[in-house]
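To start, the structure itself, in C-alpha cells.
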Amino acid sequence: MDGARLARKARFLRWALNFYPPYLGAGVRVRHISADLRLVRVKMVLRWYNRNYVGTQFGGSLYSMVDPFFVLMLMENLGPDYIVWDKAANIEFVSPGRGAVYADFSISQQLLDEIRMRTADGSKYLPRMHVEVRDGDGTLVARVQKTLYIRLKPRARQAGDNRCKPI
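Whatever position you read off the sequence shown (first residue = 1), add 373 for this note's numbering.
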C-alpha cells in the first residue's frame with residue numbers, strides 16, 4: 374500500500390475507532406495514529422460509567438483500551454498476505470487509575486522484517502508484544518503482554534513471487 378493510501382486509512386481508522394460503540398461506552402479515545410500505522414496513542418478518561426466499585430478505572434476497560442491495536446497495526450503494515458490474530462493476553466494491574474490513562478503502541482521496521490523472515494516458509498510466529506498503561510503523571514497503572522499469531526497465508530506461500538515486500 375502506498376504512503377498516501379496508508380495515511381488515509383490511518384485517518385479513517387482513528388475516526389472509526391472513536392465511534393466504535395464499545396469504545397464510546399468505555400470512554401476510550403484514539404488520540405493519534407501515525408500515517409504509517411506504526412504509532413498509536415490511546416486515552417481513557419475516568420468517568421462515572423467506566424469506574425469500578427472503588428472509584429478507579431475499571432480493569433475491563435483498561436484491557437479494552439489496548440486490545441486491538443497491535444493486530445490492526447500489523448495487519449495494515451504486513452498486508453493482506455498475512456494472518457494476524459490475538460492468541461493470548463495478560464494484564465498486570467500495578468496501581469489504580471484515578472484519572473485519565475494513556476497507552477502508546479509502536480511497531481518497528483525491525484519487527485516487520487523479523488516477522489517476514491520467520492513466516493516466509495509458512496511457519497507460524499508468536500511474538501510477544503508489550504504495552505504499558507500510564508496516568509497523566511507517568512505513573513504505571515498496568516502492564517499488558519499480548520501474544521499474537523502470525524502466519525503467511527497459503528496462497529501467498531504458493532505464489533512464490535515478491536508480493537510480501539515491505540510497504
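Just so you know, even glycine gets a beta-carbon here, dropped at the ideal spot from N, CA and C. Fair warning: this is a prediction, and the values are worked out from it, not measured in the lab.
Cβ neighbour criterion (16 or more within 10 Å) applied to residue i
i, result
"Y468", "A small correction: the amino acid at residue 468 is Ser; Tyr does not occupy that position in the sequence shown. Under this definition S468 is an exposed residue."
"R378", "exposed"
"R411", "buried"
"R420", "exposed"
"R524", "buried"
"F442", "buried"
"N423", "buried"
"A461", "exposed"
"F385", "exposed"
"V427", "exposed"
"L390", "buried"
The beta strand (DSSP E) enclosing residue i, as first and last residue numbers
i, result
"I406", "401 to 406"
"Q542", "The question about residue 542 has no answer here: the residues shown for the chain are numbered 374 through 540."
"R501", "501 to 508"
Continuous alpha helix (DSSP H) stretch holding residue i: start and end
i, result
"L485", "482 to 492"
Local conformation of residue i per DSSP, three classes
i, result
"Y498", "strand"
"R414", "strand"
"F392", "coil"
"F385", "helix"
"R424", "strand"
Distance between beta carbons of residue j and residue i, contact taken as under 8 Å
i, j, result
"A515", "E465", "6 Å"
"V415", "R404", "7 Å"
"A476", "E505", "7 Å"
"L499", "Y522", "6 Å"
"M438", "A380", "With a Cβ gap of about 24 Å, M438 and A380 do not count as contacting."
Can you list, in chain order, the stretches of the beta strand (DSSP E) that have 3 or more residues and sit fully within the region 439 to 475?
455 to 466
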